[in-house]
Amino acid sequence: MFRKWAPTIIKYCLKNRTIISPQFNFRLLRKFISSKLLKTPLAIMVEPTCMCNIQCPLCTTPHKYMTRTQGIMEFDTYQKLLDDVKEFALIFYFNFAGEPFLNPHLFQMVKEAAKNDIFTMVDTNATLLTYARIQEILDSKLSILVVNIDYAKKESFEQFRKGANFHATMKGIKELCDLKKKKNGTFPLVVAETIVSRANEIHLNELYDFAMNTIGVDGVWFKPLCFPLHSKGFRENNEVEVLVDKYLPRTSSIKRYTYNEGHLQLDHYKNFCEWEYKSVILWDGRVAACCFDYDGNYTFGNIREASFLDIWNSPKYRYYREKLIKPKKLELCEFCSII
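In the working numbering, the protein residues as written are 1020 to 1358.
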């Protein structure tokens, strides 16, 4: 049923320049979905790689926090996944940990998903946008490309996105937007993602104008800053207080946390977890719990060894998803910054 109408709604939104959150909100579907577990997921997060070419201060991907083996998803692994889920999957998110553009097969993966009418989304730091890569993007039938634009000034941008070159990154994004418009193309919708921190919260109007009018993106999504509390390495970091003082927004309406006596406490508890409807496939084929299981500590099987549906409907995975109906019931959920 969802496969029938969801693509139509999404394409209508794109046509009318309605910006869809890069994390498709399944909260509304609660009104239409029974309390029983779904036999198939609605969306799948595909991890092209867990490696990254830059180091952002609050990301677990620099391996000072992440402990699992680094690698890039092989195309055969991806093809196995696609064959397993193409009859029911609505959305593929090509992100999770790492920079997706480091996988040389990324846009072939996107293209194969598009052939099967799967809505596709890639989230990138945009530092690797070359002219050749832009051509790949435009030819791939990608639905949405999310690019990170947190600051409109070189110094601030490069302090936060450590290892990135501000001018080269903005040049690449602008060239993509200009070439897409030159070809009268709708796809991909290019959305700028801004992580709202103490350093930029008073400049959001300026950032919006810069992204929309100077760079030429189709829309801007402001995302509240998230601390990686799920990482034991981060929680034991002696610099947490320094990072909080530097990055935690002051504006209550856009911050996730309150910091009291050395502890970060989540402000907005939504009592809803969408991962009972979604799944994560790590670069090595393991099926992981959710987008906060960066180390792959909670996995249910490997698609290279079993069919995805057998894993999804296994007793272990079903038990986990049943617990998510009332979130914060699992050890993994204790430090979640979303629910």
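Glycine included, every Cβ here is placed at the ideal spot set by N, Cα and C.
Item	Value
Anticipated Cβ contact below 8 angstroms, E1118 with T1143, distance rounded	7 angstroms
Buried versus exposed call for R1269 [16 or more other C-beta atoms within 10 Å across all chains shown]	exposed
Nearest-angstrom Cα separation, counted from E1106 out to S1333	19 angstroms
Whole-angstrom C-beta distance between F1138 and L1109, which should lie under 8 angstroms	6 angstroms
One or two residues paired with P1243 in a DSSP bridge	V1215
Which listed residue (P1243, N1184, D1237) has its alpha carbon closest to that of P1223	The amino acid at residue 1223 is misidentified as Pro; the sequence shows Leu. Nearest option by C-alpha distance: P1243.
For H1249, three-class secondary structure by DSSP	coil
Coil, strand or helix - I1344 by DSSP	coil
Contact the segment 1086-1096 vs the segment 1112-1132: 3+ CB pairs below 8 angstroms	yes
Cβ-Cβ distance between F1241 and T1277 below 9 angstroms	no
Span separating the alpha-carbon of F1319 from that of I1330	6 angstroms
For D1264, three-class secondary structure by DSSP	helix
Inter-residue Cα distance where the pair is T1088 and A1308	17 angstroms
Anticipated Cβ contact below 8 angstroms, G1090 with D1264, distance rounded	G1090 to D1264, Cβ: 36 angstroms. No contact.
Given C1078 as reference, the closest of E1225, F1311, D1286 once Cα atoms are compared	F1311
For S1298, three-class secondary structure by DSSP	strand
Pick from I1192, E1194, K1173 that is closest to N1184, judged by C-alpha positions	K1173
Buried or exposed by the 16-neighbour rule on C-beta atoms within 10 Å, applied to E1255	exposed
Cβ contact (3+ pairs, closer than 8 angstroms) linking the segment 1148-1160 and the segment 1187-1195	yes
Reduced DSSP category for Q1098 - H, G, I as helix; E, B as strand; rest coil	helix
Cβ pair F1229, I1273 closer than 9 angstroms	no
Beta bridge counterpart(s) of I1091 as assigned by DSSP	T1068
Where A1187 falls, given that 16 or more other Cβ within 10 Å makes a residue buried	exposed
Length of the line joining the Cα atoms of N1321 and T1205	36 angstroms
Entirely enclosed beta strand (DSSP E) segments - the segment 1163-1234, minimum 3 residues	1163-1167, 1208-1215
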